[in-house]
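Data block below; observations after.
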Amino acid sequence: MLFDATHVTPPTLLEHVRDMAEAGCRFVAISQTVLGEDSLRLQYHFDEHRTMTELRRSDRMCHLTHARDRGMRHLALEVPRDASVPSITPIYPCAALAENETRDQFGVRFEGLSPDWDGHFLLEGETVRSPLFTMTIVPPRKAPEKEDRP
Amino acid sequence: MNRITSVPFGPQHPVLPEPLHIALAVEDETVTEATPQLGFVHRGLEGLVRVRDYKGLVHVVERICGICSCIHAGCYCNAVEDMLGISAPPRAQFLRVVWSELHRIHSHLLWLGLFADAFGFESAFHEFWRLREHVLDVCEATTGNRIILSVNVVGGVRRDINQERIRWIRAQMDELETGLLGMEKVMLEDYTVQERTRGVGVLEKEEARRSGAVGPVLRASGWEIDERMNGYAAYGELDFEPVTATEGDCNARCKVRFEETLRSIDLVREALGRLPDSELAVPATGLPDGESVFRAEQPRGELFYYLRGNGTKMLERLRVRTPTFANIPALLGMLPGIRLADVPVVVLSIDPCISCTER
Chain A
0 MLFDATHVTP PTLLEHVRDM AEAGCRFVAI SQTVLGEDSL RLQYHFDEHR TMTELRRSDR
60 MCHLTHARDR GMRHLALEVP RDASVPSITP IYPCAALAEN ETRDQFGVRF EGLSPDWDGH
120 FLLEGETVRS PLFTMTIVPP RKAPEKEDRP
Chain B
0 MNRITSVPFG PQHPVLPEPL HIALAVEDET VTEATPQLGF VHRGLEGLVR VRDYKGLVHV
60 VERICGICSC IHAGCYCNAV EDMLGISAPP RAQFLRVVWS ELHRIHSHLL WLGLFADAFG
120 FESAFHEFWR LREHVLDVCE ATTGNRIILS VNVVGGVRRD INQERIRWIR AQMDELETGL
180 LGMEKVMLED YTVQERTRGV GVLEKEEARR SGAVGPVLRA SGWEIDERMN GYAAYGELDF
240 EPVTATEGDC NARCKVRFEE TLRSIDLVRE ALGRLPDSEL AVPATGLPDG ESVFRAEQPR
300 GELFYYLRGN GTKMLERLRV RTPTFANIPA LLGMLPGIRL ADVPVVVLSI DPCISCTER
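In order, the protein sequence lines correspond to chains A and B. Number 36 in numbering that gives the first Met the number 0 belongs to position 37 of the first sequence; there are no gaps in the numbering. Number 259 in numbering that gives the first Met the number 0 belongs to position 260 of the second sequence; there are no gaps in the numbering.
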């Protein structure tokens, strides 16, 4: 499903998320894309939480609407990598795992995140970088060259 | 005031087939707080988009989870097909339903066995796993593999099922249904099972929505929501109804999964009976560009894929949100207030799949 997201900024993020909560939406996920050396795009995905009965009713009234968006809403937020982003956990506490994972893998700092694993949600204490960022392909080791013996 | 004791649950525990650690704060016999720790099987599979082309990546996403590999691959293929502007042929759509439902049946049977084992009902565990062999035999006969089926490709499926095989599958489904109905009274009405599961780990209806729960956990709390109702693959053409319960406890989650297994058997029969004649796959030409999301219903709940392509054969980003990841906040809400002895039953009741969760 191709989709359109509503673009938000850090100061307006919580306002839009609050609208989602008031509309009864369920939090689905955060997806992250690296845009360049220093910037990221975070996308917050929500579900309209429509039941089978409601879906049947809306399909009878306007079939095409639901087939296109499949009941999802999306917010897109572009941020510099070092900037902090307001946490949505005061509104959606269940987003804590997704935000902690984003912190682990992309280094984004969320203000007001609770509970906060401080970058060690998936990674061990001594690990400082995620495999997602530092994934390298180890070249096969070359066979040692035989020395010519005199 | 009673003394608070810290009790580690997992990552190695008899009821957990996979590593999940929960630090439990316990007062007398009652759990007061639960803090999870993940990361024991984190493999960084999402990072492989940088080195595998978008067609080869099907084999990677299938290995995110063994138990529902076919649904991972189907969800990924659908998302890529949306980006390429193609659609799998009708026969492929029905075959995807058949294999997805077979995965759902064997996943639920595996869970029913493990759940019975969590409260010490070992003979039920053996019986459910014996019944599961029927499904694994069907998977092996139709795809060559028992667990990781490798039938989905971008644009369709790789294998077909002929009429002779369909008759044999129907016989297997009949045998499975008979065996399962024989276990219905034992699993859903037995006094001992009721004692261990009824009223335990209750998730209220509104709390289920707030905590982002999905799948049987959400439906057992009274929500009539199942991603299959949106009609992806061939589900829109089949007689599908979500299974729900209202109690929101471990017993309700067991009931939902048991009933879903029976419904999945019916869906397999219906899909096989209505297999349309068409080719199995359309050529996937072009390179994925833009963004796409797709959701499918795994045995554990809603699976979410986000893909971003940049017009090359390598995708720029693959993001997977698995159902267990969504159900962990709900689990953490269920644990405080229950007895320590009920923790394994409640943890098992969300059907945790940790290798899925961590990818």
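Where is the CB? At the ideal position from N, CA and C, for every residue including glycine. In this text the structure is predicted, and so the values were computed from the model without any measurement.
Close partners of A/A22 in chain B (Cβ separation under 8 Å) are lacking, with about 12 Å as the shortest Cβ gap. Residues of chain A with a Cβ closer than 7 Å to the Cβ of B/L37 are, in chain order, F120, L121. The secondary-structure analysis by DSSP pairs A/H15 with nothing; it has no beta-bridge partner. Assignment of B/P35 by DSSP, reduced to helix, strand and coil, places it in the strand class.
DSSP places A/G111 in no alpha helix (DSSP H); its state is neither H nor E. Boundaries of the beta strand (DSSP E) around A/V78: 71-79. Proximity of the stretch 31-46 of chain B to the stretch 71-83 of chain B falls short of the contact definition, fewer than three beta-carbon pairs being nearer than 8 Å. DSSP places B/S263 within a helical segment (H, G or I) once states are collapsed to three. The Cβ atoms of A/A75 and A/H6 lie closer than 8 Å to each other.
The alpha carbon of B/L330 has as its nearest neighbour, out of B/S106, B/G181, B/E203, the alpha carbon of B/E203.
Relative to the Cα of B/R42, the nearest Cα in the group B/D27, B/C64, B/L179 belongs to B/C64. Against chain B, the CB of A/H6 has no partner CB under 8 Å away; the residue lies outside that interface. Among the bridge pairs identified by DSSP, B/F8 is matched with B/I21. Of all residues in the stretch 295-310 of chain B, only E301, F303, Y305, R307 place a beta-carbon less than 8 Å from a beta-carbon of chain A.
At least 8 Å separates the beta-carbon of B/I165 from that of B/V137.
No alpha helix (DSSP H) of 4 residues or more sits fully in the stretch 84-110 of chain B.
Residues of chain B with a Cβ closer than 7 Å to the Cβ of A/T50 are, in chain order, W222, E223, I224.
In the structure shown, B/A295 falls within a strand segment according to DSSP collapsed to helix, strand and coil. With its beta carbon at least 8 Å from every one in chain A, B/H71 lies outside the interface. A residue is called buried once 16 or more other Cβ atoms fall within 10 Å of its Cβ, and B/H125, having fewer, is exposed.
If you draw a 10 Å sphere on the C-beta of B/A78, you find 16 or more other C-beta atoms in it, and that means buried.
Residue contact with chain B for A/V16: absent (no Cβ-Cβ distance below 8 Å to any residue of chain B). Interface residue (Cβ-Cβ distance to chain A less than 8 Å): B/V255 is not classified as such. With a threshold of 8 Å between beta carbons, A/T32 makes contact with chain B. Beyond the five residues adjoining it in sequence on each side, B/L83 comes within less than 7 Å, by CB distance, of A283, G285, P287 in the same chain, given in chain order.
The shortest C-alpha to C-alpha distance from B/S210 to any of A/I90, A/D115, A/S38, A/E36 is the one to A/I90. C-alpha of A/A28 to C-alpha of A/F45: approximately 7 Å in a straight line. The beta carbon of A/T101 sits closer than 8 Å to the beta carbons of I29, Q31, L41, V107, F109 from its chain, once the five residues preceding and following it are set aside; these are given in chain order. Scanning its chain for C-beta atoms nearer than 6 Å, with the 5 sequence neighbours on each side dropped, one finds around B/I147 the residues E61, S68, in chain order.
Close CB contacts of B/D265 within its chain, under the 6 Å cut and outside five residues either way in sequence, are absent. By the C-beta density criterion, B/R158 is exposed, having fewer than 16 other C-beta atoms within 10 angstroms. Among the residues facing chain A, B/V292 is included, as its CB has a counterpart in that chain under 8 Å away. Considering only B/V57, B/Y305, B/A219, the residue with the shortest C-alpha distance to A/M71 is B/Y305. B/Q92 is classed as buried because its beta carbon has at least 16 other beta carbons within 10 Å across all chains shown.
When Cβ-Cβ separations below 8 Å define contact, B/E357 makes contact with chain A. The way I'd put it, the stretch 169-188 of chain B doesn't touch the stretch 208-225 of chain B; fewer than three beta-carbon pairs between them come closer than 8 Å.
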